[in-house]
Amino acid sequence: MRLKNFILILQEKIEKAFEECGYNKEYGKVINSNRPDLCEFQCDGALMAAKQYKKAPFIIAEEVVEKCKNNKEFEKIEVVKPGFINIDVSKEFVTNYCNQIINEEKFGCNMEKEKTVVIDYGGPNVAKPLHVGHLRPAIIGESIKRIHKFFDNKVIGDVHLGDWGLQMGLVIEELKFRHPDWPYFNENFDGEYPKESLFTVSDLEEIYPCASSKTKVSDNATEEEKEKANEFKENARKNTAYLQEKKKGYYDLWKKIVEISVKDLKENYRKLDVEFDLWLGESDSQKYVKQMVEKMQKLGILYESNGAMVVDVQEPTDTTEINPCMVLKTGGVSCYQTTDLATIMQRQIDFDPNEIIYVVDKRQELHFIQVFRCARKSKIIDEDAKLTFLGFGTMNGKDGKPFKTRNGGVMRLETLIKEINEKVYEKMNETKEIEEKEKREISEIVGLSALKYADLSNQISKDYIFDIDKFTSFDGKTGPYILYTLVRIKSILNKFYETSSVKENKILEPTEDIEKQILLKIAKFNQVLEESYLENAPSKICVYLYEIANIFNSYYQKVKILQGESDKLESNISLLTLLKRIFETGINLLGFKAPKKM
RNA sequence: GCGCCUGUAGUUUAGCUGGAUAGAAUGGCAGGCUACGAACUUGCAGAUCGGGGGUUCGAGUCCCUCCAGGCGCACCA
C-alpha cells in the first residue's frame, strides 16, 4: 500500500470531471496556487481547453466545477474570471491525509523498483590538499547519494581519486631531487622499503606546487632556464611511465604517497560528514585498459589519428562537429579519457549498475559526452544503463571572477571550515551559557549546516558565488535557521514528555488557519522528495524546509502549543512529532544534522 | 571561427508543460521578549524580468535579433 501524492488525489477528481464533461482529462492538471490569497490549489485546464473545443473557458470551467461540487475533498471549488478553477481543500481531507503520513515510514513516497546507482563525486587529487573547489562536488554528491538511498536504491559512492597522472610524476621527481639517497631511487636496492613514511602530508602539500612551478618558465627566461624546466618535465614524464609500468621503487613510493594522502583526505571528508563507499582511483581502472582497447579493436571502431588511437563519436543530430574520443595518446599512453572509459568498464563488471551519476564541473560536459558515447559504442556498459552528467556551476568569488583568497591563492577547505566554525562560536558566546567543549561541538555542527544549506540552495548547474560573508551569516534562509526551528520543536517536545505522554498519535482537524497551512505543507512533503529525487535537485528540499520552518515559526508565535485542552494538546504533540521527523529526514538528505541545543 | 551556458529588486535568488497582482532572503526603515528558546517574529519601501521585435485572448517562460558576461572546442588531468 502506498499513499498517493496529495495533489494527485485532487487532480484525479478534476480529471474525472473533465472526462465526464467530454473533455480530454489531461486538462485536469492541478497545481499549487500562485495566488494564495484566493485559493490553495488551482487548475488552469479550462483556459487551455478553450482552443481545442472552441468554447469559452469560463463555460468549460463551470461545467467541470458543477461535477465536483459534492466531493468531500473540496471545501471550496469555484470559477474565476477568464476560467481559472480555484480550489480550497477541506480540513477533514487534509487532516486525514496527514494522519496517514504519520504511519508511513517514508512519508508515502512512491518507491520505484530498486536500482543500483554508482555516484562519482569528489575527485580529489592525491598529494594535494582539499580546497574550496572540492566543496561543491562533495556536498552535492553526498546529498544525491543520500536521496537515492532514501528511495531504496543500492548506492555506491566513489571518490574516484586523481592518482595517476603526470602530477604524480612531478611529485616523485621533486622528492628524488631532494632525497636522491632514498632507497626508492636506488636501482640495486633489494631490501624492504621503510614501513614508516619518510614524509608527511604537509610535505606533500608543499612539494606539488613547488614541482609544478619548476616546469613553468616566464617568456623572457634564458635558454638555460627553459632547458632546465624541460628536463624536469621530461623526467616527471618518465617517472609517470615508470609508475604505470609498476617499476620497483617508483611504484612503491607512489603507493606510500597515496596511503598518506588518502588517510588525510578521509579525515577531511569526515569533517564534512561526507562518506564514500569506495576509495578507488584512476589507477584502479588501469588493469582494464588492455581488455577495453582489444574490445574496441574487435568492434573495428578504433583507429589511428595523428599518432593517437581514437573512436568516432559524431552523431547525425549534432549541430556541431564533435571531435573523436581519444582513447590512447601517441605512444599508447593513457589519458583521462582512457581512465574514465576503463572506469566505466570496471563499474559495469563490479556492480552492473542501472545508472552512473557524475557530479563534476560542468565545464567537463563535452569530455563526458565523448566518453559516454564512446562507452556505448564500444559496449563496455550495459545498453540499458543510464549515464548521467550532473555538472555543477563554476565557483566564483564575490566579484564574479574565479575565487581567490585575499593574497591570490586558493583557499584550503580546512581554513574555510575553521573560519565558519569560529563565527558560529562567537555568535554563541554573545548569549548562550554553554560549556566550552560543547560550544565547540555545536559550532561545528551549525557551521556545517550553514555551509551545506547555502551550497545546496543553488541550482546545481548554475555558477556559484562563493561568498564567505554569506556563509557566516545565519539570518534568513540558512541552515542554522532550519536547525533552530528543529531544536525548538525538540525542546517543546522534551518539555511535554517530562511530565506527560500521548495515548494516540493523531492530529485533530485544525481550528486556526495557520494550523491548516502547516498540514497542507506537510501533505506536500512526499511530492517534494520525489521531485528532488527524480530531478537530482536537493535545492527543492532546501526550499521546502525553509517554507515549513517559516510556517511553523508563525504558528509558534500564534498558538500556545503546550496549553491546549487534553485532546488538542495530544494533537499538537502529534503534529510536532511529525514535523520533527520531517525536519530530521530533510536535513539528513541534505547531509547535515542537528545539535541538541544551540 | 564553431558551439554551449547565463542575464529577474542594491546584493543572492525562486518562478513547474506560456496563465491571475513576478515569490523569497539579505541589506534599509518602523514595531514585538515578566511567554513553549529573540539564531525568532509583525509590517513598510525597493523589479520598465539585459534591449528591441514577433507568435498568443495571455510571454520572465516560446521564436527571431541585438547587447553584456562566462565556458568549451584531442596528446594537461
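Residue numbers for the first sequence follow the working numbering, so the first one is 431 and each next one is one higher. Here a beta-carbon is modelled for each residue, glycine too, at the ideal position from N, C-alpha and C. Please read all numbers here as calculations on a predicted model, not as lab measurements.
Residue from the options with nearest C-alpha to residue i
| i | options | result |
| --- | --- | --- |
| Cys-755 | Val-740, Pro-746 and Asp-748 | Val-740 |
| Ile-515 | Thr-525, Gly-553, Asp-474 and Ile-437 | Asp-474 |
| Leu-881 | Leu-846, Lys-869 and Ala-979 | Leu-846 |
| Arg-432 | Gly-587, Phe-504, Pro-968 and Glu-535 | Glu-535 |
| Leu-975 | Phe-706, Arg-667, Tyr-883 and Thr-929 | Tyr-883 |
| Asp-829 | Glu-844, Ile-898, Thr-818 and Thr-861 | Ile-898 |
| Leu-796 | Leu-923, Gln-776 and Thr-750 | Thr-750 |
| Glu-852 | Asp-694, Lys-676, Leu-732 and Lys-869 | Lys-869 |
| Glu-863 | Ile-570, Met-1028, Pro-639 and Tyr-914 | Met-1028 |
| Gln-674 | Glu-865, Tyr-766 and Ser-713 | Ser-713 |
| Thr-941 | Thr-824, Leu-999, Gly-823 and Lys-701 | Leu-999 |
| Gly-823 | Leu-634, His-564, Phe-504 and Phe-781 | His-564 |
| Leu-729 | Tyr-623, Cys-451 and Ala-805 | Ala-805 |
| Ser-715 | Glu-635, Val-631 and Asp-593 | Asp-593 |
| Asp-588 | Asp-518, Phe-504 and Asp-770 | Asp-770 |
| Lys-848 | Lys-686, Ala-641, Val-562 and Phe-471 | Val-562 |
| Asn-526 | Val-510, Lys-502 and Asn-540 | Lys-502 |
| Glu-604 | Trp-612, Ile-637 and Glu-617 | Ile-637 |
| Ser-573 | Trp-612, Leu-886, Ile-895 and Glu-635 | Leu-886 |
| Asn-935 | Glu-866, Leu-1009 and Ile-895 | Leu-1009 |
| Ser-691 | Gly-711, Asn-665 and Val-585 | Gly-711 |
| Leu-702 | Phe-833, Val-631, Gly-877 and Asn-665 | Gly-877 |
| Ser-463 | Ile-507, Pro-1025 and Ile-922 | Ile-507 |
| Leu-1005 | Asp-905, Gln-800, Val-524 and Asp-611 | Val-524 |
| Asp-814 | Gln-778, Leu-820 and Gln-482 | Gln-778 |
Environment of residue i [buried if 16+ CB atoms lie within 10 Å]
| i | result |
| --- | --- |
| Tyr-680 | buried |
| Ile-461 | exposed |
| His-609 | exposed |
| Val-763 | exposed |
| Ala-651 | exposed |
| Glu-522 | exposed |
| Lys-717 | exposed |
| Asn-435 | buried |
| Ser-567 | It should be noted that the sequence gives Pro, not Ser, for residue 567. The residue is buried, with at least 16 neighbouring Cβ atoms inside 10 Å. |
| Leu-468 | exposed |
| Ser-891 | exposed |
| Asn-753 | exposed |
| Gly-839 | exposed |
| Gly-571 | buried |
| Glu-866 | exposed |
| Tyr-927 | exposed |
Distance between beta carbons of residue j and residue i, contact taken as under 8 Å
| i | j | result |
| --- | --- | --- |
| Lys-925 | Leu-992 | 7 Å |
| Thr-645 | Lys-663 | 5 Å |
| Leu-1020 | Pro-968 | 6 Å |
| Thr-818 | Ile-787 | 5 Å |
| Ile-872 | Met-858 | 7 Å |
| Pro-487 | Gly-458 | Pro-487 to Gly-458, Cβ: 14 Å. No contact. |
| Phe-448 | Ile-517 | Not confirmed; about 14 Å, so no contact. |
Beta-ladder partner(s) of residue i, from DSSP
| i | result |
| --- | --- |
| Ile-517 | Phe-471 and Ile-507 |
| Arg-842 | His-561 |
| Leu-732 | Val-741 |
| Phe-819 | Tyr-788 |
| Gly-592 | Asn-555 |
| Asn-956 | Bridge partners of Asn-956: none, in fact. |
| Leu-758 | Met-739 and Ser-764 |
| Gly-571 | None; Gly-571 has no bridge partner. |
| Ile-937 | DSSP output for Ile-937 lists no bridge partner at all. |
| Tyr-672 | For Tyr-672, which the question treats as bridged, DSSP gives no partner whatsoever. |
| Lys-584 | Thr-546 |
| Ile-461 | Gln-472 |
| Tyr-894 | Met-825 |
| Pro-832 | Asn-826 |
| Gly-711 | Leu-591 |
Inset, instruction - Determine, using beta-carbon pairs with one atom in the segment 526-543 and one in the segment 940-957, whether at least three such pairs fall under 8 Å. - result: yes
Inset, instruction - Check whether the segment 782-792 touches the segment 547-564, counting contact only when three or more Cβ pairs, one atom from each stretch, lie closer than 8 Å. - result: yes
Legend entry - Segment contact flag, the segment 538-548 with the segment 567-587, C-beta cutoff 8 Å, min 3 pairs: yes
Legend entry - At least three beta-carbon pairs within less than 8 Å, the segment 805-812 to the segment 718-734: yes
Inset, instruction - Check whether the segment 968-987 touches the segment 912-919, taking contact to mean three or more Cβ pairs, one atom from each stretch, closer than 8 Å. - result: yes
Inset, instruction - Count the C-beta pairs between the segment 593-601 and the segment 653-671 that are closer than 8 Å, then say yes if the count reaches three, no if not. - result: yes
Inset, instruction - Pair every Cβ in the segment 439-451 with every Cβ in the segment 492-510, then say whether three or more of these pairs are closer than 8 Å. - result: yes
Legend entry - Meets three-Cβ-pair contact criterion under 8 Å: the segment 695-707 and the segment 610-629: no
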